[in-house]
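There are 2 protein chains.
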Amino acid sequence: MKMGLIVQKFGGTSVADVEKIQNVANRVAEEKENGNDVVVVVSAMGKTTDHLVDMAQQISTSPSKREMDMLLTTGEQVTISLLALALQQKGYDAISYTGWQAGMVTEPVHGNARILDIKTERIKKDLAEGRIVVVAGFQGLTEEGEITTLGRGGSDTTAVALAAALDADKCDIYTDVTGVYTTDPRYVKGARKLLGISYDEMLELANLGAGVLHPRAVEFAKNYGVTLEVRSSMEVERGTLIEEEISMEQNLIVRGIAFEDQITRVSIIGLDNSIASLPTIFTTLANHHINVDIIIQSGTGTDKANISFSIKSSDLAETLEVLEENKGLLNYEHIESETGLSKVSIVGAGMISNPGVAAKMFEVLAGEGIQVKMVSTSEIKVSTVVSDEQMVSAVEALHDAFELAKVAVSA
Amino acid sequence: MKMGLIVQKFGGTSVADVEKIQNVANRVAEEKENGNDVVVVVSAMGKTTDHLVDMAQQISTSPSKREMDMLLTTGEQVTISLLALALQQKGYDAISYTGWQAGMVTEPVHGNARILDIKTERIKKDLAEGRIVVVAGFQGLTEEGEITTLGRGGSDTTAVALAAALDADKCDIYTDVTGVYTTDPRYVKGARKLLGISYDEMLELANLGAGVLHPRAVEFAKNYGVTLEVRSSMEVERGTLIEEEISMEQNLIVRGIAFEDQITRVSIIGLDNSIASLPTIFTTLANHHINVDIIIQSGTGTDKANISFSIKSSDLAETLEVLEENKGLLNYEHIESETGLSKVSIVGAGMISNPGVAAKMFEVLAGEGIQVKMVSTSEIKVSTVVSDEQMVSAVEALHDAFELAKVAVSA
Numbered sequence: 008m009k010m011g012l013i014v015q016k017f018g019g020t021s022v023a024d025v026e027k028i029q030n031v032a033n034r035v036a037e038e039k040e041n042g043n044d045v046v047v048v049v050s051a052m053g054k055t056t057d058h059l060v061d062m063a064q065q066i067s068t069s070p071s072k073r074e075m076d077m078l079l080t081t082g083e084q085v086t087i088s089l090l091a092l093a094l095q096q097k098g099y100d101a102i103s104y105t106g107w108q109a110g111m112v113t114e115p116v117h118g119n120a121r122i123l124d125i126k127t128e129r130i131k132k133d134l135a136e137g138r139i140v141v142v143a144g145f146q147g148l149t150e151e152g153e154i155t156t157l158g159r160g161g162s163d164t165t166a167v168a169l170a171a172a173l174d175a176d177k178c179d180i181y182t183d184v185t186g187v188y189t190t191d192p193r194y195v196k197g198a199r200k201l202l203g204i205s206y207d208e209m210l211e212l213a214n215l216g217a218g219v220l221h222p223r224a225v226e227f228a229k230n231y232g233v234t235l236e237v238r239s240s241m242e243v244e245r246g247t248l249i250e251e252e253i254s255m256e257q258n259l260i261v262r263g264i265a266f267e268d269q270i271t272r273v274s275i276i277g278l279d280n281s282i283a284s285l286p287t288i289f290t291t292l293a294n295h296h297i298n299v300d301i302i303i304q305s306g307t308g309t310d311k312a313n314i315s316f317s318i319k320s321s322d323l324a325e326t327l328e329v330l331e332e333n334k335g336l337l338n339y340e341h342i343e344s345e346t347g348l349s350k351v352s353i354v355g356a357g358m359i360s361n362p363g364v365a366a367k368m369f370e371v372l373a374g375e376g377i378q379v380k381m382v383s384t385s386e387i388k389v390s391t392v393v394s395d396e397q398m399v400s401a402v403e404a405l406h407d408a409f410e411l412a413k414v415a416v417s418a
Numbered sequence: 008m009k010m011g012l013i014v015q016k017f018g019g020t021s022v023a024d025v026e027k028i029q030n031v032a033n034r035v036a037e038e039k040e041n042g043n044d045v046v047v048v049v050s051a052m053g054k055t056t057d058h059l060v061d062m063a064q065q066i067s068t069s070p071s072k073r074e075m076d077m078l079l080t081t082g083e084q085v086t087i088s089l090l091a092l093a094l095q096q097k098g099y100d101a102i103s104y105t106g107w108q109a110g111m112v113t114e115p116v117h118g119n120a121r122i123l124d125i126k127t128e129r130i131k132k133d134l135a136e137g138r139i140v141v142v143a144g145f146q147g148l149t150e151e152g153e154i155t156t157l158g159r160g161g162s163d164t165t166a167v168a169l170a171a172a173l174d175a176d177k178c179d180i181y182t183d184v185t186g187v188y189t190t191d192p193r194y195v196k197g198a199r200k201l202l203g204i205s206y207d208e209m210l211e212l213a214n215l216g217a218g219v220l221h222p223r224a225v226e227f228a229k230n231y232g233v234t235l236e237v238r239s240s241m242e243v244e245r246g247t248l249i250e251e252e253i254s255m256e257q258n259l260i261v262r263g264i265a266f267e268d269q270i271t272r273v274s275i276i277g278l279d280n281s282i283a284s285l286p287t288i289f290t291t292l293a294n295h296h297i298n299v300d301i302i303i304q305s306g307t308g309t310d311k312a313n314i315s316f317s318i319k320s321s322d323l324a325e326t327l328e329v330l331e332e333n334k335g336l337l338n339y340e341h342i343e344s345e346t347g348l349s350k351v352s353i354v355g356a357g358m359i360s361n362p363g364v365a366a367k368m369f370e371v372l373a374g375e376g377i378q379v380k381m382v383s384t385s386e387i388k389v390s391t392v393v394s395d396e397q398m399v400s401a402v403e404a405l406h407d408a409f410e411l412a413k414v415a416v417s418a
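Heads up: the sequence lines are chains Y and A, in that order.
Quick note: the first sequence uses the numbering used here, first residue 8, plus one each step.
Quick note: the second sequence uses the numbering used here, first residue 8, plus one each step.
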């Protein structure tokens, strides 16, 4: 590893107690001893956020987002000071900064603000003086001096944004897994850790629930060309590099297989085939915070259309209620729904130049006697909806068919 | 009560849990319903600070004051947000501010900073718009953007300083006692709550360990003419007013009796009678954070002097060690010490114009067969050191002799 500037990010489980914070200090110290400048971004300790939210909910039936930001940002502030103390105890010169002290300027939105700017003078001065800088993730300040939070995956975003603003050589995301896998190793024995993956592939996998890294942070990294590495905070092995040009495993067409159970298909039958119907349905659902994933429209060209879409099964009751309430507006005949479904997706940038990948997928599934109930494709992804019971065998068959268990020869 | 601006301060025991924070919201709402503008200053919840300190001590043998300030200021930030939520839940427009958001500018010292300035624009704007403003006590920001704390009694100081800066009509200090008493009611049955007391008297009582209000806050109030009221957060009765011109009980010469056990007298015998000896001794002790209270010098005029001083008994071992280490420098013959002592003090602004108060005190104590071992006087206070076993009977005898149990006729 050449000497440079590394941004490290440690999530809540990596700093859950005093002992784990001391372990993080060791990881930071190693990087410093390697001759690198280090900026560390941390989240709130383990269950801290839950405890704070619990108190707020005891007090308020609908807590204001502004006061929740005020409350929750104390979590990371505790971690940064304890980590700075742990580093100082090991003899390192370390200093902690809240989001606003680190110059993190956000838009004036509470609970889910976007970063507008990072004023890095203070951090740059500390780095130049040899200091390790510890920054609170997830938080920022508006130009009016209001404390904001960045929403889900906020600490990942803080780390990537800082890496971009400081022109860091690398941003290491430490987590409780050792990297990004070809598929979930808890379900598929042959799952293999990837050495490299492109931003777009990671985005598809992250959006598909691979869960190690927030899509917003990946997008930020892609836009600013920040090289990410997802790695374990407990083990020293190499993780998975995420960058534009991946130098290894180029010959793989499919990079990974993502899957998710508890999916429900909802079909609206006999819908008035007007231009307004489609936006009306999905705007109405979005207003009720119901996330719709795959959407399939059939029967265009006639005066009645059928629309099918997939949702999380936990949203079914509310979805049916919303559709029922708006029956007059939407003007449909009836609703059908099917629960007990799963989504299985193959992801890989190589698909773009390899036609027939989707066809091969369907063939493999058919060979296993698995019925495909819905399909959705993007340039680097094919998603299928199958029954819950067939999810794991679908993943295993695809993992074999696309030879993901094989280690590719490095370029 | 005329309409105006009230600053209320609630300490850690008053906001120890969710239920108590809701109770504080009720007290704040009452004041608002009375037609007043209200600014509320709160401390960290109950045991929060202890918990944070405990984690820091697990990590660091000598935690840096800067990081401790970073850590501890999260405590009040949690309370302000929860109190703002509780007020909003009751239908009030409330907003919380950290110390730095409230414009609290301090000197660049960690752990014990003094307030330099308060930029009140933001709070004034909120008050003008009818908002209840909730401010984190104990904390501020340096001009360089560093988070600082105000040290012991810091939240009292925040409240008084805000009251001064906002030109508030009154600053109410809510605590777990109902006011300032003529002496400690846990020891003396006849102890009576005072309706009023002057700043100087309160200062002497506070310094003597009456403990309800930090001396620094009293001094600040005196310098800026802020009327204080010490009152209970749990009961609705009137508390004790602290102001320059006290309108009631003027005819009392002695206003209160303070006392403190676990005192030790240390005597340095046969000290070289040079000009340098006295400063050398007390500078050396101060450098070791040993607080010296009463100091008596005898034997001046000869070439050898004796110095006696009182300390807390818990500081005895270190005091003896420091004196032994510096024996060569101080050039004394030997050290004597007497433990098991108490300090009993009478306080009252009326003493200034009533000579013979000290004489009466000694007479009362002699009448009870109590030997006085050390004496110290100021314009409004006489302190005596007696044996531990005689402390309570000394206080009772003085409380009777100076007729403190009697309610004075209002002026």
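Where a beta carbon is used, it is the ideal one built from N, C-alpha and C, also for glycine.
Spatial distance of residue i from residue j (CA atoms)
{"i": "A:V112", "j": "A:L157", "result": "11 Å"}
{"i": "A:A418", "j": "A:L259", "result": "With a pLDDT of 32 at A:A418, under the threshold of 50, the modelled position of that residue is not reliable, and the figure given next carries that caveat. A:A418 and A:L259: Cα-Cα distance of roughly 12 Å."}
{"i": "A:G110", "j": "Y:Q146", "result": "20 Å"}
{"i": "A:S352", "j": "Y:L79", "result": "47 Å"}
{"i": "Y:I282", "j": "A:E128", "result": "53 Å"}
{"i": "A:P222", "j": "A:L212", "result": "9 Å"}
{"i": "Y:V364", "j": "Y:K196", "result": "23 Å"}
{"i": "Y:A5", "j": "Y:F17", "result": "This structure leaves residue 5 of chain Y out entirely; chain Y is present only between 8 and 418."}
{"i": "A:V167", "j": "A:V46", "result": "11 Å"}
{"i": "Y:S400", "j": "Y:E375", "result": "8 Å"}
{"i": "A:V31", "j": "A:L173", "result": "22 Å"}
{"i": "Y:D310", "j": "Y:E345", "result": "25 Å"}
{"i": "Y:I342", "j": "Y:V273", "result": "7 Å"}
{"i": "A:V382", "j": "Y:R73", "result": "57 Å"}
{"i": "Y:G203", "j": "Y:L92", "result": "35 Å"}
{"i": "A:G186", "j": "A:K200", "result": "6 Å"}
Which residues DSSP lists as bridging residue i, in chain order
{"i": "A:L348", "result": "A:I270 and A:S394"}
{"i": "A:Y188", "result": "A:K200"}
{"i": "Y:S317", "result": "Y:R272"}
{"i": "Y:E236", "result": "Y:D179 and Y:L248"}
{"i": "A:H341", "result": "A:I276"}
Residues that residue i contacts on chain A, provided the C-beta gap is smaller than 8 Å
{"i": "Y:S65", "result": "A small correction: the amino acid at residue 65 of chain Y is Gln; Ser does not occupy that position in the sequence shown. Going along chain A in sequence order, the residues near Y:Q65 (Cβ under 8 Å) are V25."}
{"i": "Y:A59", "result": "Reading the sequence as shown, one finds Leu at residue 59 of chain Y and not Ala. In chain order: V85."}
Per-residue contacts from residue i into chain A (C-beta, under 9 Å)
{"i": "Y:P286", "result": "Near Y:P286 there are no residues of chain A at all, since even the closest Cβ is about 36 Å away, more than 9 Å."}
{"i": "Y:L134", "result": "Neighbours of Y:L134 on chain A: none; closest Cβ ~17 Å, over 9 Å."}
{"i": "Y:S240", "result": "Residues of chain A passing the Cβ test: none, with the nearest at roughly 17 Å."}
{"i": "Y:I28", "result": "M62 and I66"}
Chain Y contact residues for residue i, given Cβ-Cβ distances below 7 Å
{"i": "A:S88", "result": "E74, M77 and L78"}
{"i": "A:S305", "result": "Chain Y residues near A:S305: none, gap ~48 Å exceeds 7 Å."}
{"i": "A:A91", "result": "E74"}
{"i": "A:P70", "result": "L92"}
Contact set between residue i and chain A, taken where Cβ atoms lie within less than 7 Å
{"i": "Y:S50", "result": "Simply none; closest approach about 14 Å."}
{"i": "Y:T81", "result": "T81, Q84 and V85"}
{"i": "Y:S103", "result": "E74 and M77"}
Closer than 9 Å at the beta carbon, the chain Y residues around residue i
{"i": "A:Q96", "result": "I66, S67, T68, S69 and P70"}
At least 3 beta-carbon pairs within less than 8 Å: the stretch 176-193 of chain A vs the stretch 376-395 of chain A: no
contact_flag[the stretch 311-327 of chain Y, the stretch 284-303 of chain Y] where n(CB pairs < 8 Å) is 3 or more: yes
Touch test, the stretch 230-247 of chain Y against the stretch 180-193 of chain Y, Cβ-Cβ under 8 Å, three pairs minimum: yes
Residues of the stretch 107-128 of chain A with Cβ closer than 7 Å to any Cβ of chain Y, in chain order: Residues passing the 7 Å Cβ filter: Q108.
Positions along the stretch 149-163 of chain Y whose CB lies within less than 9 Å of some CB in chain A: Identification of residues in the stretch 149-163 of chain Y having a C-beta nearer than 9 Å to some C-beta of chain A yields G152, E153 and I154, given in sequence order.
At least 3 beta-carbon pairs within less than 8 Å: the stretch 59-69 of chain Y vs the stretch 58-66 of chain A: no
Cβ pair count under 8 Å reaching 3, the stretch 122-142 of chain Y against the stretch 93-112 of chain Y: Under the three-pair Cβ rule at 8 Å, the stretch 122-142 of chain Y counts as touching the stretch 93-112 of chain Y.
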